[in-house]
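Visitor: Note that the sequence shown covers residues 1126 to 1464 in this note's numbering. By construction, the Cβ of each residue, glycine as well, lies at the ideal position given by its N, Cα and C atoms.
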Amino acid sequence: MQNPKLKQYLMCRNREGDGLSYDLISLIHEVSITCKEIASTISLGPLSGVLGVAGSENVQGETQKELDIITNDMMYDHLKFTGLTAGMGSEEIDDPLMIPEGIQRGEYLLMFDPLDGSSNIDVNISVGTIFSIVKAPKGSGEDPSLEDFLQKGTEQVAAGFVVYGPSTVLVLTTGKGVNTFTLDHRIGEFVLTEQGVTVPEETKEFSINLSNQRFWEKPVQDYIADCLQGEEGPLGQRYNMRWVASMVAEVYRILTRGGIFMYPFDTREPGKAGKLRLMYEANPMSFIMEQAGGMSSTGRERIMEVDATGLHQRVPVIMGSKNEVQKVVDYHKKAEKAA
Ligand code: AHG
Ligand code: MN
Ligand code: MN
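1) Among all the DSSP beta bridges, which residues are the ones paired with A1284?
2) So what does DSSP say about Y1377, is it helix, strand or coil?
3) Determine the closest residue to E1415 out of I1443, P1395 and T1434, with distance taken between C-alpha atoms.
4) Leaving out five residues on either side along the sequence, give the residues of the same chain with a beta carbon under 7 Å from the beta carbon of E1217.
5) Note down, one range per segment and in chain order, each alpha helix (DSSP H) of at least 4 residues found wholly within the segment 1305-1371.
6) Identify whether K1130 lies in helix, strand or coil by the three-state DSSP scheme.
7) Apart from the five residues on each side of it in sequence, which residues of its chain come closer than 6 Å, Cβ to Cβ, to E1375?
8) Determine the closest residue to G1321 out of L1436, T1381, I1250 and K1161, with distance taken between C-alpha atoms.
9) Would you say the segment 1140-1150 touches the segment 1247-1255, given that touching needs at least three Cβ pairs under 8 Å?
10) Please list, in chain order, all residues of the same chain as S1181 whose beta carbon is under 6 Å from its beta carbon, the five residues on each side excluded.
11) Which residue comes first and which comes last in the beta strand (DSSP E) that contains K1190?
12) Provide the residue(s) that pair with Y1147 in DSSP beta bridges, ordered along the chain.
13) Suppose the cutoff is 8 Å on Cβ atoms and the five residues either side in sequence are ignored; what does the same chain contact list for M1410 look like?
14) Could you compute how far the alpha carbon of R1140 sits from the alpha carbon of P1129?
15) When you compare the CB positions of G1418 and K1447, do they come within less than 8 Å of one another, or not?
16) Where does P1239 fall in DSSP's three states?
17) Where does V1282 land, buried or exposed, given buried means 16+ other C-beta within 10 angstroms?
18) Which stretch, first to last residue, makes up the beta strand (DSSP E) that contains I1385?
19) With a threshold of 16 other CB atoms inside 10 Å of the CB of E1406, please say whether the residue is buried or exposed.
20) What residue from A1179, Q1438, I1153 and L1295 has the CA that sits closest to A1466's CA?
21) At what residues does the beta strand (DSSP E) containing E1182 begin and finish?
22) So, using beta-carbon positions, are V1259 and E1272 closer together than 8 Å?
23) What residue range is occupied by the uninterrupted beta strand (DSSP E) comprising V1442?
24) With three or more C-beta pairs closer than 8 Å as the rule, is the segment 1260-1268 touching the segment 1200-1213?
25) Who are the near neighbours of K1329 in its chain, counting only those whose CB is closer than 8 Å to its CB and skipping five residues on each side?
26) Are there any heavy atoms of ligand 4 lying less than 7 Å away from the beta-carbon of M1372, as far as the coordinates show?
27) I need the straight-line Cα distance from Y1201 to L1222, nearest angstrom please.
28) Quick check on V1453: does DSSP put it in helix, strand or coil?
29) Along the chain, where does the alpha helix (DSSP H) containing S1411 start, and where does it finish?
30) If you reduce the DSSP assignment to three classes, tell me which class A1211 lands in.
31) Quick one: is the Cβ of D1238 within less than 7 Å of any heavy atom of ligand 2?
Now the structure itself:
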């Protein structure tokens, strides 16, 4: 039998009691359509004529790539006419994005990182799109306020990400496990390729940008120092290291073969709690990681329980194989006790 297509699969699961609204299924499907457009643009590489920097900065003071802006516009321009969202929040835009006059406001709020890992785009390394969906507290028909977006990760009704790699894959959760869909270019559809993704509990592979080592806090310093000692050290095993600099690619690898991914707090910019953003990076990835049996923490608390105070709020991220993340949390506990 042919693998089920994304929307067909979600509708089928719903008949079996998944309890998703038809609008939520449609919204996920419409997001996936934009991701196909993004995949198509990205696959052209230099032929698209849009590689390189845009010459502008986003609200976080990061240099925007042409494709950061183009993919942001693709997402907003497609979704704003569907009648499925009441508003959107994007990494690339300071304030929430409103729905134009005369268009139905839907029941959901969509937050997204249109192009994750965009520093990799010019060098032909995997990049991706991350999205998080919550219910609009005022219901459909009304414009949301900024506060409406600021819900804890535990309130997410769906989260997903797409990796534009050698193949284009969509990883999705609606709170009942994690499934992977692969874009079949022959038919232009995402089709189910793995059901019930589970992260191995144990791992010997860590991912962290080691060049920031001198800026980390003591628990992360200690953990990595112990990893580097291998089987001679207190962790008693030899570790391997990977750093792609695209969170989507790291998380996909961890979902496939286990691992631990860290972008911890560092003191480079003490005013910022980390590099990654809570609402459209850490929360959706944490929802997926937990639904796959993994763990996700700041080192001190579960990411999905962090209070949301801003659309572009940053948070330390430690996620992946359960037992390894727990070890890093224990290093934090130990440091706190000693202090
Ligand atoms: P974005 O391209 O959306 O700004 O996100 C990039 C993030 C994340 O994907 C990755 O893990 C990390 O930044 C890489 O950071 P370094 O460049 O510090 O390695
Ligand atoms: Mn990102
Ligand atoms: Mn981005």
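Guide: So, from the data block:
1) BP columns for A1284 point to S1257 and T1298.
2) Three-state DSSP puts Y1377 in a helix.
3) The closest CA to that of E1415, considering only I1443, P1395 and T1434, is found on I1443.
4) Cβ-Cβ distances below 7 Å link E1217 to N1183, Q1189, D1193, I1194, N1197 and P1239 in the same chain, with the five nearest sequence neighbours on each side left out; the list follows chain order.
5) Listed in chain order, the alpha helix (DSSP H) elements of length 4 or more contained wholly in the segment 1305-1371 are 1343-1353.
6) Note: K1130 maps to strand in three-state DSSP.
7) Excluding sequence neighbours, E1375 sits near S1332, V1369 and F1386.
8) The option with the nearest alpha carbon to G1321 is T1381.
9) No, the segment 1140-1150 is not in contact with the segment 1247-1255.
10) Once the five neighbours on either side are set aside, the close Cβ partners of S1181 are Q1189.
11) Looking at the DSSP string, the run of the beta strand (DSSP E) that includes K1190 is T1188 to K1190.
12) Looking at the DSSP assignment, Y1147 forms no beta bridge with any residue, so it has no partner.
13) Hits under 8 Å: I1255, A1284, F1286, M1372, V1376, S1421, V1442 and M1444.
14) Answer to the nearest angstrom: the Cα atoms are 15 Å apart.
15) Contact: yes.
16) Three-state result, P1239: strand.
17) Answer is buried; the Cβ neighbour count reaches 16.
18) For I1385, the uninterrupted beta strand (DSSP E) run begins and ends at I1385 to Y1388, by DSSP.
19) Counting every other CB atom within 10 Å of its CB across the protein chains shown gives E1406 a total of 16 or more, marking it as buried.
20) Beyond the ends of the chain as shown, which are 1126 and 1464, falls residue 1466; an answer cannot be given.
21) Unbroken beta strand (DSSP E) run through E1182: V1178 to E1182.
22) In this structure, V1259 sits away from E1272, with a CB-CB distance that is not shorter than 8 Å.
23) It spans V1442 to G1445 - the beta strand (DSSP E) in which V1442 sits, taken as one unbroken run.
24) These segments touch.
25) The residues Q1362, R1363, Y1364 and N1365, in chain order, have a CB closer than 8 Å to that of K1329 in the same chain once the five nearest residues on each side in sequence are set aside.
26) Among the ligands present in this structure, namely ligand 1, ligand 2 and ligand 3, ligand 4 is not found.
27) Taking the straight line from one Cα to the other gives about 8 Å.
28) Helix at V1453.
29) Note, S1411: alpha helix (DSSP H), N1408 to Q1416.
30) Here A1211 sits in strand by DSSP.
31) True, at least one ligand heavy atom lies under 7 Å from that Cβ.
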